[in-house]
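First up is the structure itself, then whatever we jot down about it.
2 protein chains.
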Amino acid sequence: MGSIRVLVEGDLRQAVGFGQEELAAIEAVYPLISEGVGSMPPIMRVDVPESNGEIDIKTAYLPGYSGIAVKVSAGFFDNPSKGLPSLGGLMMVFDAETGVPRSALFDNGYLTDLRTGLAGAVAARYLARADSTSAALLGAGAQARYQLEALTLVRSIERAKVWARQPHRAVEFATEMTERLGFAVEPASSIEDAVDGAQILVTTTPSTEPLVDTSMLHAGLHVTAVGSDAETKQEISPGVVSAADRFVCDSIAQSSRLGELRTALASGFDIGSVAELGQVIAGTVPGRTSDTEVTICDLTGTGAQDTAIASLAVERSARAGVGTAIET
Amino acid sequence: MGSIRVLVEGDLRQAVGFGQEELAAIEAVYPLISEGVGSMPPIMRVDVPESNGEIDIKTAYLPGYSGIAVKVSAGFFDNPSKGLPSLGGLMMVFDAETGVPRSALFDNGYLTDLRTGLAGAVAARYLARADSTSAALLGAGAQARYQLEALTLVRSIERAKVWARQPHRAVEFATEMTERLGFAVEPASSIEDAVDGAQILVTTTPSTEPLVDTSMLHAGLHVTAVGSDAETKQEISPGVVSAADRFVCDSIAQSSRLGELRTALASGFDIGSVAELGQVIAGTVPGRTSDTEVTICDLTGTGAQDTAIASLAVERSARAGVGTAIET
């Protein structure tokens with residue numbers, strides 16, 4: 198029938214990273230989502246209670262992109278006791294003109310980490326103060342690393358502080374990222390300490406209770422909330438959502454169900470005031486309009502981003518002849 | 198991270214076919230679906246209007262099965278003008294205990310054809326007269342071939358008639374299947390001619406208007422409706438559904454939306470009288486109770502069947518060392 202290109206993590210790290218073309222590819226999807234161009238069905242979910250696991254499937258068709266990615270994410274939370282990581286999955290890419298399977302991407306989560314980091318950069322580009330130099334991160338895992346590095350694509354970051362529930366992880370993060378990025382990254386003694394003096398706060402934890410409350414806000418702060426992507430998760434209090442001058446999200450439908458809008462709406466927040474990031478990018482809704490506003494962007498992650506980054510990875514890998522071709 | 202087994206159509210034809218174990222694996226899923234055991238989300242669909250295409254995704258977790266299949270089916274209806282088949286896709290199989298990707302199945306639709314054929318056999322086992330010897334088929338494509346061969350697993354079929362919109366295709370079908378199955382298969386001059394004298398009628402067309410009306414029914418007939426799997430399709434008239442002594446389907450949720458129940462319900466048919474095949478298999482609802490009843494089983498196809506056949510195919514291929522292992 199043809200051949201399919203199999204790409205593994207090493208191939209994909211070679212193909213795509215923190216480049217301007219990748220950033221532009223991710224930025225371009227948000228107006229398409231918000232305008233309802235293309236087709237992005239709700240996330241498909243399969244529960245596997247016997248193994249404390251779940252499988253989520255995301256996909257989207259976007260006109261003008263060469264591929265349609267179908268991403269299968271597996272979260273099996275008893276895996277560590279078996280010596281396996283909790284999170285896994287893969288992406289399949291189909292030709293957008295013929296539906297023919299083109300590529301299987303065994304990325305070990307790399308493409309998701311990358312596109313999520315790039316989404317944070319897009320949010321900061323449109324919502325953080327133009328003169329932002331200081332970042333704060335909650336959480337010190339892989340995604341916090343991606344978020345901080347991505348910010349350097351769009352703002353002249355000169356220092357950062359990181360808070361983690363386990364202080365030694367913040368210390369490790371600070372050491373590693375100071376060396377990687379060439380500016381001072383320090384562990385924070387508390388969330389307040391991290392946020393104090395930062396123009397950009399990025400939350401990347403799996404918290405199920407608010408970490409950020411209104412007492413921590415200050416004029417000019419932009420918050421990107423990345424962690425919440427499930428009905429049980431939450432990083433910022435409903436009061437913070439209400440107190441912000443502007444609240445935007447990648448997808449109102451998803452944020453209302455899986456993101457920070459869930460508890461905010463339950464607390465009476467007016468959904469009529471919510472805009473999508475794509476509307477801000479398209480210019481139909483203003484982003485930040487002064488240096489004193491408090492802004493929030495909630496990112497739940499979309500199949501459209503997967504289609505964008507996977508299409509680019511497959512195109513570049515094909516041109517470079519990277520990967521293994523399998524005759525089907 | 199591990200290795201994944203890539204299986205292509207030839208491997209899969211070697212691994213699974215019309216055997217009793219395959220039949221038992223498919224039969225076993227229906228009671229699980231009907232009892233709500235496991236997890237089978239609604240079909241996920243992505244429309245690709247620019248290419249006259251669509252992608253459908255089915256999946257299911259079933260306790261006791263080693264794998265979870267995620268099937269991506271692509272239908273791109275401008276493909277023939279590009280020298281490509283309209284239908285394509287693949288299945289991915291994940292370990293049901295860890296979520297780890299185990300296998301990529303590039304089956305060119307073989308596993309779907311097989312499990313759909315086997316589903317027809319299960320329907321006939323529980324609903325067709327035990328002494329059925331004569332079958333009628335509407336449609337003369339690949340699925341009609343699978344349906345007829347599958348019937349021979351559960352009934353002593355001695356003759357068959359086939360009707361197709363293009364008569365030459367019925368003639369080709371008759372010649373080929375007579376040779377393959379060793380009994381007389383004849384082309385029918387009309388739908389009436391095909392059904393007359395048959396105890397089992399299987400409809401396998403993509404028709405969007407009813408082909409079977411009440412005038413064609415006779416005492417003792419069982420009808421398995423396989424073709425309708427979309428909001429636009431229909432093979433049997435609402436009157437036929439109402440006239441039957443028993444109407445069952447693989448999934449009430451799917452049949453109401455994509456199958457023969459769609460127009461029947463719109464015409465006032467009482468959903469309260471509808472049972473699922475799994476209830477008949479489990480014995481909680483009677484199947485055929487006399488040789489004169491008219492029975493109908495509507496099959497729309499489920500992710501649970503995909504998980505059942507794919508799990509078996511992957512287990513057998515692993516034991517036999519078939520396929521290509523890719524290090525991920």
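Protein chains in written order, with the numbering used here: chain A, 198 to 525; chain B, 198 to 525.
Just so it is clear, CB atoms sit at the ideal spot from N, CA and C, and this is done for glycine as well.
query, result
"Chain-order list of residues whose beta-carbon lies under 7 angstroms from that of S404 of chain B (same chain, five-residue window excluded)", "G424, K430, Q431, E432"
"For A325 of chain A, the three-state DSSP class (helix, strand or coil)", "coil"
"Reduced DSSP secondary structure (H/G/I, E/B, other) of D390 of chain B", "helix"
"Under 9 angstroms from the C-beta of P407 of chain B: neighbouring residues of chain A", "What P407 of chain B touches in chain A: nothing, since even the nearest Cβ is about 29 angstroms away."
"Min CB distance I230 of chain B to chain A below 7 angstroms", "no"
"CB contact below 7 angstroms: D244 of chain A versus chain B", "yes"
"C-alpha gap between G518 of chain B and G207 of chain B, whole angstroms", "14 angstroms"
"Residue(s) in a DSSP beta bridge with P298 of chain A", "A:F291"
"L204 of chain B - partner residues in DSSP beta bridges", "B:L302"
"Short CB-CB distance (under 7 angstroms) between A370 of chain B and chain A", "Note on identity: in this sequence residue 370 of chain B is Phe, with Ala being the wrong assignment. No, its Cβ sits nowhere closer than 7 angstroms to a Cβ of chain A."
"Three or more C-beta pairs below 8 angstroms linking the segment 365 to 379 of chain A and the segment 392 to 403 of chain A", "no"
"Secondary structure of Y307 of chain A, DSSP reduced to three states", "helix"
"Closest residue to S448 of chain A among A:L229, A:Q211, A:L204 (Cα-Cα distance)", "A:L229"
"Close beta carbons around V267 of chain A, own chain, < 6 angstroms, minus the five adjacent residues each side", "T256, M289"
"Cβ distance (whole Å) where G264 of chain A is taken to contact S508 of chain A below 8 angstroms", "4 angstroms"
"In DSSP terms, what G250 of chain A is bridged to", "A:V245, A:F273"
"Cα-Cα separation between S270 of chain A and G296 of chain A, rounded to whole angstroms", "21 angstroms"
"Contact between the segment 200 to 214 of chain A and the segment 225 to 239 of chain A (3+ Cβ pairs under 8 angstroms)", "no"
"Closer than 8 angstroms at the beta carbon, the chain A residues around F291 of chain B", "I252, V269, A271"
"Option nearest L350 of chain A by Cα separation, candidates A:G336, A:A361, A:S329", "A:S329"
"Test item: CB-CB of Q344 of chain B and G314 of chain B under 7 angstroms", "yes"
"Counterpart residues of A472 of chain B in DSSP-defined beta bridges", "B:V445"
"Beta-ladder partner(s) of I433 of chain A, from DSSP", "A:V409"
"Beta-carbon neighbours of I523 of chain B, restricted to chain A and to distances below 9 angstroms", "V203, V205, A301, F303, T521, I523"
"Enclosing alpha helix (DSSP H) for V351 of chain B [first to last residue]", "Segment: none, V351 of chain B is in no alpha helix (DSSP H) and carries neither H nor E."
"Closer than 6 angstroms: E369 of chain A CB and nearest the ligand MG heavy atom", "For the structure depicted, the ligand MG is absent and the ligand set is empty, with no information on it obtainable."
"Minimum Cβ-Cβ distance from P546 of chain B to chain A less than 7 angstroms", "The requested residue 546 of chain B is not part of the displayed model; chain B covers only 198 to 525."
"Whole-angstrom C-beta distance between A301 of chain B and E421 of chain B, which should lie under 8 angstroms", "Looking at the sequence provided, one finds Thr at residue 421 of chain B rather than Glu. Their Cβ separation, rounded to whole angstroms, is 31 angstroms, which puts T421 of chain B and A301 of chain B out of contact at 8 angstroms."
"Cβ-Cβ distance between G500 of chain A and L324 of chain A below 7 angstroms", "no"
"For G261 of chain A, the nearest candidate out of B:A341, B:A385, B:V245, B:V482 (CA to CA)", "B:V245"
"Minimum Cβ-Cβ distance from T295 of chain A to chain B less than 7 angstroms", "yes"
"Three-state secondary structure (DSSP) of T375 of chain A", "helix"
"Cα-Cα separation, V477 of chain A to S464 of chain B", "47 angstroms"
"6 angstroms CB neighbourhood of D495 of chain A in its chain, flanking five on each side removed", "A422, C446, S452, G456, E457"
"Cβ-based burial, T504 of chain B [other Cβ within 10 Å; buried from 16]", "buried"
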